[in-house]
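Since the structure comes first, as structure tokens, the remarks are kept for the end.
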Amino acid sequence: VHGESLLKWEEEAKSLRQGHDLLLLQTHQLQSSLETCQGQAAEKEAAMQQQLWALQVQLQEQQECLLAREKQAAVLELASMALEDQLHLSEDGEPEANGELVSSDAVQLQKENQDLEQQIVEKNKMIKQLQQRMAELKKTLQKELKIRPDGELPEVPTAGLTVTNNLDLSDSREINLEYLKHVVLKFMSCRESE
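Everything in the sequence shown is counted per the UniProt record's numbering, starting at 1 for the first residue and increasing by one.
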């Protein structure tokens with residue numbers, strides 16, 4: 001009787017050890033999977049930040065270029081008006097002798113002015129497109145951080161034993177993911193306010 005009882009205890013102990021080993025394996029696999037997901041999220045966030053930064057630099061360059069063109073257009077407009085005044089009247093009220101030369105200068109200035117105005121219109125369009133792309137990129141980044149990647153965790157065979165520790169691990173994973181989202185969103189909102 002003692003021998004049977006001892007054998008039974010040994011079998012139960014062996015079964016418990018196997019269950020414990022299986023749970024340890026599952027825990028390691030879940031931890032590894034979580035680290036992989038966090039690494040992927042960080043890589044995506046870094047790539048999108050880089051893209052967003054490049055767009056912001058491009059937008060700033062376009063705005064500076066637009067400002068310079070607008071100044072240049074204003075100067076040409078003034079010069080054109082001055083030449084037209086000169087063309088129409090000389091000091092004694094008669095057209096100047098070199099009216100044809102002044103007229104061709106005025107035409108040239110008007111043409112340059114029109115070209116600059118066209119460039120300004122195109123730059124404005126480009127700036128609007130860049131701003132749209134930046135807005136879309138920000139939305140995509142925020143969406144990426146809210147959605148979990150598909151196939152986040154590999155399927156792991158479960159033990160025949162019921163263990164409450166598994167629930168604690170999944171809660172911990174959930175908390176880690178939420179914390180990561182919170183940190184990234186805080187970072188994004190700080191960058192936007194700058």
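Here a beta-carbon is modelled for each residue, glycine too, at the ideal position from N, C-alpha and C.
Expected contact under 8 angstroms - CB spacing of residue i and residue j to nearest Å
i	j	result
LEU116	ARG69	6 angstroms
ILE120	LEU59	Not confirmed; about 16 angstroms, so no contact.
LEU76	ASP105	Actually they are not in contact, since the Cβ atoms of LEU76 and ASP105 sit about 11 angstroms apart, beyond 8 angstroms.
LYS14	GLU144	Not a contact, Cβ separation roughly 47 angstroms.
ARG133	LEU55	6 angstroms
For residue j and residue i, the rounded distance between their alpha carbons
i	j	result
VAL184	GLN50	14 angstroms
ASN113	GLN72	9 angstroms
GLN62	LYS139	23 angstroms
VAL57	GLN110	32 angstroms
GLN18	LEU24	10 angstroms
CYS37	MET48	17 angstroms
TYR179	LEU22	29 angstroms
GLN108	GLN86	15 angstroms
LYS186	SER33	25 angstroms
LEU78	ALA42	54 angstroms
residue 197	ASN176	Nothing in the structure corresponds to residue 197, since the chain is present only between 1 and 194.
MET81	ALA74	11 angstroms
LEU161	GLU35	Legend: pLDDT at LEU161 = 42, less than 50; position of this residue unreliable, value from coordinates given subsequently. Their Cα atoms are separated by approximately 26 angstroms.
SER28	ASN124	For the record, residue 28 in the displayed sequence is His; it is not Ser. If I take the Cα positions, the gap works out to 55 angstroms.
GLN118	LYS181	45 angstroms
SER5	LYS146	55 angstroms
LEU52	LEU137	7 angstroms
ALA46	GLU10	54 angstroms
GLY39	LEU141	15 angstroms
HIS2	GLU12	15 angstroms
GLU122	GLU64	14 angstroms
HIS20	GLN26	10 angstroms
Where residue i sits in the DSSP three-state scheme
i	result
ASN165	Confidence at ASN165 is low in this model, with a pLDDT of 47, below 50, so its placement is unreliable and the value that follows should be read with caution. In the structure shown, ASN165 sits in a helix (DSSP, three-state: H, G or I).
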